[in-house]
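Residues in the sequence shown are numbered consecutively from 496, following my numbering.
Report on one structure; see the data block that follows.
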Amino acid sequence: MSAPDAESIAVIGAGRVGRALARRAAVAGYRVILEDLVPISLVNARQEIRQTLNDAVESGALDRALADEAFARIDCAASIEDAARRALIVMETGPDEPESKLEIFCLLDRICLPGTIIVSNCRALELSDTASKAESIVGMYFSGDCAEIHCSAFTGEHALAVAKQLAERMASSYKITREGNPASAV
């Protein structure tokens with residue numbers, strides 16, 4: 496196992512959103528550690544990601560070498576602990592239900608390494624209500640090739656800087672919104 500770094504992203508949840516984020520991050524050059532509670536979901540995710548990359552090659556949207564390199568950057572973890580400890584960026588994609596999100600955030604609070612940035616697709620809760628390390632949490636949502644970065648009142652400058660870097664590499668454009676004022680782009 497290699498040491499965690501800012502070029503490694505743990506993606507928690509291998510459902511539709513997790514698969515798309517894992518593929519997008521790998522194509523952007525990140526090393527991805529994909530995790531899901533259901534082991535067969537990881538097998539299915541890898542197959543779907545491989546097929547999606549192949550489809551992109553066939554349509555001319557992606558070069559074969561880049562697709563193969565991206566797929567090789569995706570690894571699977573046996574547990575959320577293993578995934579979270581192998582990366583300094585954790586993208587959680589669990590079900591967008593308040594109880595599920597709180598459970599995931601409480602677990603990540605306990606197991607993430609100091610300095611880890613948690614990127615969430617949470618819309619069920621205000622980000623400021625999710626964890627004790629609210630300065631390290633930022634929301635991020637993708638729509639096509641545009642990213643939305645969503646900050647709580649407690650999101651720290653480092654978390655925002657990491658989210659901007661992710662958005663610059665994983666999307667063609669991005670906007671920043673703030674909790675309590677979702678329509679305001681910064």
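Where a beta carbon is used, it is the ideal one built from N, C-alpha and C, also for glycine.
- When the five nearest sequence neighbours on each side are left out, the beta carbons in the same chain lying within less than 7 Å of the beta carbon of ARG545 are those of PHE566, in order along the chain.
- Annotation: the stretch 530 to 581 contains the following complete segments of the beta strand (DSSP E) (minimum length 3 residues), in chain order: 569 to 571.
- By a beta-carbon distance limit of 8 Å, ILE644 contacts ILE671. Their separation comes to about 5 Å.
- Nearest neighbour of ALA582 by Cα position, chosen from PRO609, ASN549, ALA509, turns out to be PRO609.
- For ALA521, the enclosing alpha helix (DSSP H) begins and ends at 511 to 522.
- Spatial neighbours of GLU663 in its own chain (CB-CB distance under 8 Å, excluding positions within 5 residues in sequence) are listed in chain order as TYR669.
- Of all alpha-carbon atoms in ARG673, PRO534, MET665, GLN660, the one lying nearest the alpha-carbon of PHE649 is that of ARG673.
- Check the Cα spacing between ILE535 and each of LEU602, CYS607, CYS571, LYS659: the tightest is with CYS571.
- Going by DSSP, LYS628 is part of no alpha helix (DSSP H) at all; its letter is neither H nor E.
- With contact defined as three or more Cβ pairs closer than 8 Å, the stretch 592 to 607 and the stretch 509 to 526 are not in contact.
- Residues of the same chain with a CB within less than 6 Å of the CB of GLY513, apart from the 5 flanking positions on each side, are VAL506, THR588 in chain order.
- Within the same chain, and ignoring the five residues on either side of LEU537 in sequence, the residues whose Cβ sits closer than 7 Å to its Cβ are ALA509, LEU529, ASP531, CYS571.
- DSSP places CYS601 in the helix class (H, G or I) of the three-state scheme.
- One Cα belongs to MET586, the other to ALA520, and the distance between them is close to 10 Å.
- Taking a C-beta distance under 8 Å as the contact criterion, ILE612 and GLU576 do not qualify as a contact pair.
- Cα atoms of ALA501 and ALA517: separation of roughly 15 Å, rounded to the nearest angstrom.
- Contact annotation: ASP640 and SER667 have beta-carbon atoms nearer than 8 Å.
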